[in-house]
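Numbering (the numbering used here), first residue to last: 2 to 145.
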Amino acid sequence: MKNEKVDVEQKNELKDSTLQENVPSYEAPKYHIYGGWMNGGSYILIKSDDDDGEGEGKAKFTLEKFTKTGKDKIIKHFQLSETTGLKLTGIISSKESNRTSFLTLELNKEKTEITVTLPNEKSVTYKQAEINPEEFNPDYEWEE
């Protein structure tokens, strides 16, 4: 019986370390925004964005927004500037213009819902997704 318990603990440790692969360990516990979030008409996917190698200690993310139907995808690259409890403020970087815009992400206490406010748009609340984006919009031409 004791041996089984040790095995289980080791498996849990392995699982934790793979989740934090792309996230500096000191930042991992702060942000619970990674992954898929959905509501009736759209789905957002938030992932780490550190491709440019400029790891200045600021957390960089990509937010991709898909609609239930259609081929459109909105991509926002942002860097967190300020966090207050469950409310995060991000600075959106745009390669097309030098103008700075902000987005806010606010999690509910249970971290099962996220409210996203994009520039010039109303706040939208998403629930943690139980399906992946491909299932949400099978018509979209997904990159393999």
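Even glycine gets a Cβ: it sits at the ideal position worked out from N, Cα and C.
From a predicted model like this one, the values you see are computed outputs, not experimental measurements.
Notebook entry, point to check: If you pair each beta-carbon of the segment 85-95 with each one of the segment 67-74, do three or more pairs fall below 8 Å?
Noted result: no
Next item on the list: Classify Leu15 as helix, strand or coil using the three-state DSSP reduction.
Entry: Any answer about Leu15 is weak, because its pLDDT of 41 lies below 50 and its placement is not dependable; what the coordinates show is given next. Leu15: helix per DSSP, three-state reduction.
Check: Does the Cβ of Lys61 have 16 or more other Cβ atoms within 10 Å, making it buried, or fewer, making it exposed?
Finding: Burial call: buried.
Margin query: Can you list, in chain order, the residues of its chain with a C-beta nearer than 7 Å to that of Thr118? Leave out the 5 residues immediately preceding and following it.
Written below: Leu104, Thr105 and Ser124
Next item on the list: Tell me, to the nearest whole angstrom, how far the beta carbon of Ser43 is from that of Lys66; I am working on the premise that it is less than 8 Å.
Entry: Beta-carbon to beta-carbon, Ser43 and Lys66 are separated by about 6 Å, close enough to satisfy the 8 Å threshold.
Next item on the list: Could you tell me the distance, in whole angstroms, from the CA atom of Asn146 to the CA atom of Met39?
Entry: There is no way to answer for residue 146, as the model of the chain reaches only from 2 to 145.
Next item on the list: Starting from the C-beta of Glu114, find all residues in its chain whose C-beta is less than 6 Å away, skip the five residues before and the five after it, and write them out in chain order.
Entry: Once the five neighbours on either side are set aside, the close Cβ partners of Glu114 are Thr126 and Lys128.
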